[in-house]
Amino acid sequence: REKEREIEEERDKVERAKAKLMSIKTNKEYYAMLKEIEGTRRTNVAREEELLSLLVRYEDAEKRLSERKADLDEVSGKYRERMVDIDARMGTFDDDIGKLDARRRHVAGKLDPSLVRRFEMIFERRDGLAVVAARNYSCTGCHMNIAPQLFNLLQREDRIHTCPNCNRVVYYEATEIEVAGE
């Protein structure tokens, strides 16, 4: 708008200069006025070209902006779809957790309270991993070796045993070779 105003002012100058041209008496004044008119005309042309350049850049920016808005709308739509999917899955997970928690309370009610307290203590201290398998004479929770005598006791499966290193409850898990041999 400012450029358009400047161009209009320069056009007015040219018109006033042309009107003055008729009242000029000497050649010197006449050529000076022609020079002024030509300078103003050149300034106008330069400003018009600058204005056109600005308009082209503005249109390009508008086009890029609309493309970005379309991209944003597409990404936002995908994001909303994902969030709906995630919310649905979270609801399913919450339901599953509720069922598993009810089942855990039911089973815990049948066990010795001291055993349940011990399990919960280990569960809290060991990042939710209280019961682990013992394979190939090692605890899968802390990856430390288990004494052969304890490993043999685990194979009997007649008592609850804990890992001497991490204190997690360990159970015997047969290797694939042992399972195939049975």
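Here the numbering used here is used: the first residue of the sequence shown is 1, the next is one more, and so on. We treat Cβ as the ideally placed atom computed from N, Cα and C, and that holds for glycine. It should be emphasised that the depicted structure is a prediction, and the values quoted were computed from it without experimental measurement.
In chain order, what residues of the same chain have a beta carbon less than 8 Å from the beta carbon of residue i, not counting five sequence neighbours either side?
i	result
Leu54	Lys3
Asn136	Thr175
Arg104	none
Arg5	none
Spatial neighbours of residue i within its chain, please: CB distance less than 6 Å, with the 5 preceding and 5 following residues excluded, ordered by chain position.
i	result
Val131	Val169
Leu21	Met33
Within 10 angstroms of its Cβ, does residue i collect 16 or more other Cβ (buried), or is it exposed?
i	result
Phe151	buried
Leu72	exposed
Gly98	exposed
Thr26	exposed
Gly141	buried
Ile86	exposed
Glu81	exposed
Ala134	buried
Glu10	buried
So, for residue i: in the same chain, excluding its five sequence neighbours on each side, which residues have a beta-carbon less than 7 Å away from its beta-carbon?
i	result
Ile24	Tyr30, Met33
Asn167	Ile122
Measuring alpha carbon to alpha carbon, tell me which of the options ends up nearest residue i.
i	options	result
Arg183	Thr40, Gly39, Leu52, Thr26	It is not possible to answer for residue 183, since the shown part of the chain is limited to 1 through 182.
Thr40	Arg82, Thr175, Phe119, Glu15	Glu15
Phe119	His161, Asp95, Lys18	His161
Glu50	Ile7, Leu65, Arg103, Tyr171	Ile7
Pro164	Val45, Cys139, Asp95, Glu9	Cys139
Ile203	Arg47, Lys18, Met22, Glu48	The chain is shown from 1 up to 182; residue 203 falls before or after that span and cannot be answered.
I want to see whether chain B comes within less than 8 Å of residue i, judged by CB atoms only; does it?
i	result
Phe119	Judged by its chain identifiers, the structure shown contains no chain B, having just a single protein chain.
- Per the contact definition of three or more C-beta pairs closer than 8 Å, is the region 22-32 in contact with the region 55-68? The region 55-68 vs the region 22-32: no contact.
- Item | At least 3 beta-carbon pairs within less than 8 Å: the region 152-159 vs the region 111-124 | Short answer: they don't touch.
- Message: Report the start-end ranges of each alpha helix (DSSP H) in the region 53-129 that is 4 residues or longer and not cut off at the edges.
- Response: The alpha helix (DSSP H) runs lying completely inside the region 53-129 and spanning 4 residues or more are 113-125, given in chain order.
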